[in-house]
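> Just so you know, we're using the UniProt record's numbering here: the sequence shown kicks off at 1 and counts up by one.
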Amino acid sequence: MNAMIDLPVSASESPVIETPSPSSPLIEVRDLGKRFGDVEVLRGVDLDIERSEVVCIIGPSGSGKSTLLRCLAALETYDAGEVRIEGELLGYGEKNGRRVRASQGEINRVRRNIGMVFQQFNLWPHMTALENVMEALLRVRRLPRADAKRRANAMLDTVGLAHKGDAYPSKLSGGQQQRVAIARALAMEPHIMLFDEPTSALDPELVGEVLQVMKQLARDGMTMAVVTHEMGFAAQVADKVMFIDQGRIAVQGKPREVFYDAAEPRLRQFLQNYFDRNAFWSRGGEGETE
Numbered sequence: 001m002n003a004m005i006d007l008p009v010s011a012s013e014s015p016v017i018e019t020p021s022p023s024s025p026l027i028e029v030r031d032l033g034k035r036f037g038d039v040e041v042l043r044g045v046d047l048d049i050e051r052s053e054v055v056c057i058i059g060p061s062g063s064g065k066s067t068l069l070r071c072l073a074a075l076e077t078y079d080a081g082e083v084r085i086e087g088e089l090l091g092y093g094e095k096n097g098r099r100v101r102a103s104q105g106e107i108n109r110v111r112r113n114i115g116m117v118f119q120q121f122n123l124w125p126h127m128t129a130l131e132n133v134m135e136a137l138l139r140v141r142r143l144p145r146a147d148a149k150r151r152a153n154a155m156l157d158t159v160g161l162a163h164k165g166d167a168y169p170s171k172l173s174g175g176q177q178q179r180v181a182i183a184r185a186l187a188m189e190p191h192i193m194l195f196d197e198p199t200s201a202l203d204p205e206l207v208g209e210v211l212q213v214m215k216q217l218a219r220d221g222m223t224m225a226v227v228t229h230e231m232g233f234a235a236q237v238a239d240k241v242m243f244i245d246q247g248r249i250a251v252q253g254k255p256r257e258v259f260y261d262a263a264e265p266r267l268r269q270f271l272q273n274y275f276d277r278n279a280f281w282s283r284g285g286e287g288e289t290e
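Have a look at this one:
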């Protein structure tokens, strides 16, 4: 961001972790449930994310989008169902026939190939852009400093910031800081990238530079799950779009099916509200005066 799941085996056997076939989904979610107290945030969510697939998750605020993403990265514990990452159960194991919470080491091992980018950049203010990208390589991967620096420079180049390695976060724009955060995640060589509204904290004129990096990742074949309010990005880049409402996946399909052909009333209302609101601001925020 390591130990085996404690499964019952016979004395003559050792635990074996099956390697998923290249054709199996990288992420499999079945009947996922999550509560915060009395509030049911996720209800019976089923989801597959295939290799090199880009899945965009849309929906109203409070619908469970970010919670779903955090469950996929084991940043939240889920209460029901299961999440499998590359064929392995995330967050839980089995002991004496009962499901038990996995150790933190086991959780880290299963999610080792997941990178996540948040709404906020979360960069260390006292470190340069290069040092921010190097930090996990040094502390988690324990690479030699020269190797970590070489990889970090390569990742900054990937996001178009090779010339900003010596800059501190305070000297970078919001878009540049988010690109450093993406470089930091990419440096760990993830198989899957999760993006939680990565442009929501940016000024509108800076959104495009982050989306361009994400589009290039998609073209390069990175598997991605993206919670986003950028409908144009979802329409252009996603292989599959999911609309979540009240903790359930109400609609999912190819972008055209979701954005143009959907018959689900709640989705149509959501999209109408979204486009009406954006049309309002494109007119300079001037509403009707009569």
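Every residue gets a Cβ at the ideal spot worked out from N, C-alpha and C, and that includes glycine.
Would you give the residue range spanned by the beta strand (DSSP E) that glutamate 94 belongs to?
Note, glutamate 94: beta strand (DSSP E), 92-95.
> Tell me, please, whether the segment 222-242 touches the segment 153-165 by the rule of three or more beta-carbon pairs shorter than 8 Å.
The segment 222-242, when compared against the segment 153-165, does not touch it at the 8 Å Cβ threshold.
> When you compare the CB positions of glycine 64 and isoleucine 192, do they come within less than 9 Å of one another, or not?
Not closer than 9 Å, so no.
> As an exercise, report each continuous alpha helix (DSSP H) stretch of at least 4 residues that is fully enclosed by the segment 127-187, in chain order.
For the segment 127-187, whole alpha helix (DSSP H) runs of length 4 or above, ordered along the chain, are 129-139, 145-158 and 174-186.
> Please say whether valine 45 and glycine 81 have beta carbons closer to each other than 9 Å?
Yes.
> Determine the extent of the alpha helix (DSSP H) in which glutamine 236 is found, giving its start and end residues.
Residues 231-237.
> What does the alpha-carbon distance come out to for the pair alanine 183 and leucine 211?
So the two alpha carbons sit approximately 14 Å from each other.
> Applying the criterion that 16 or more other CB atoms from any shown protein chain within 10 Å of the CB defines a buried residue, is valine 226 buried or exposed?
Buried, since its Cβ has 16 or more Cβ neighbours within 10 Å.
> With 16 other CB atoms within 10 Å as the buried threshold, where does aspartate 147 fall?
So aspartate 147 counts as exposed.
> Counting along the chain, where does the alpha helix (DSSP H) carrying leucine 194 start and finish?
Leucine 194 -> not in any alpha helix (DSSP H); beta strand (DSSP E) instead, spanning 192-196.
> From the DSSP output, which residues share a beta bridge with lysine 34?
Leu42, per the DSSP bridge assignment.
> Just to confirm my understanding: we take isoleucine 49, look at its own chain, exclude 5 residues before and 5 after, and list those with CB closer than 7 Å. What are they?
Excluding positions up to five away in sequence, the list reads Pro25, Leu26, Ile27, Val55, Thr223 and Ala225.
> Using a threshold of 8 Å, is the CB atom of phenylalanine 233 nearer than that to any non-hydrogen atom of the ligand GTP?
You won't find the ligand GTP in this model; it holds no ligand whatsoever.
> Under the assumption that proline 35 contacts valine 41 (Cβ atoms under 8 Å), give the Cβ distance between them as a whole number of angstroms.
In the sequence under discussion, the amino acid at residue 35 is arginine, which differs from the proline named in the question. Confirmed, Cβ separation roughly 6 Å.
> Could you pull out every residue in the same chain whose Cβ sits closer than 8 Å to the Cβ of isoleucine 107, ignoring the five residues on either side in sequence?
Same-chain partners within the cutoff: Ala74, Leu90 and Gly91.
> Where tyrosine 260 and arginine 219 are concerned, what is the direct C-alpha to C-alpha distance, given to the nearest angstrom?
Cα to Cα, the separation comes out at about 24 Å.
> Please report the distance separating the alpha-carbon of lysine 149 from that of glutamate 135.
Rounded to the nearest angstrom, the two C-alpha atoms are 10 Å apart.
> Can you list, in chain order, the residues of its chain with a C-beta nearer than 7 Å to that of arginine 266? Leave out the 5 residues immediately preceding and following it.
Contacts found: Asp245 and Ala250.
> Just checking my contact of leucine 217 with glycine 174 at CB under 8 Å: how many whole Å lie between their CB atoms?
About 19 Å; that fails the 8 Å criterion.
> Here's the rule I'm using: 16 or more other beta-carbon atoms within 10 Å means buried, otherwise exposed. How should phenylalanine 270 be labelled?
Per the 10 Å Cβ criterion, buried.
> Using DSSP bridges, identify the partner residues of cysteine 56.
Bridge partners of cysteine 56: Val226 and Val241.
> So, proline 198 versus glutamine 119, is the Cβ gap smaller than 9 Å?
Cβ atoms of proline 198 and glutamine 119: closer than 9 Å.
> Quick check on DSSP: helix, strand or coil for aspartate 48?
Strand at aspartate 48.
> Would you kindly work out how many angstroms separate the C-alpha atoms of aspartate 196 and serine 66, rounded to a whole number?
Roughly 6 Å separates the two Cα atoms.
> Tell me, please, which residues DSSP counts as bridged to leucine 75.
Paired residues: none, contrary to the question.
> Does glycine 208 come out as helix, strand or coil in the three-state DSSP assignment?
Helix, per DSSP.
> Check for me: the beta strand (DSSP E) holding glutamate 82 runs from which residue to which?
Note, glutamate 82: beta strand (DSSP E), 80-85.
> Taking just the CA atoms, how far does methionine 188 sit from tyrosine 168?
Approximately 21 Å between the Cα atoms of the pair.
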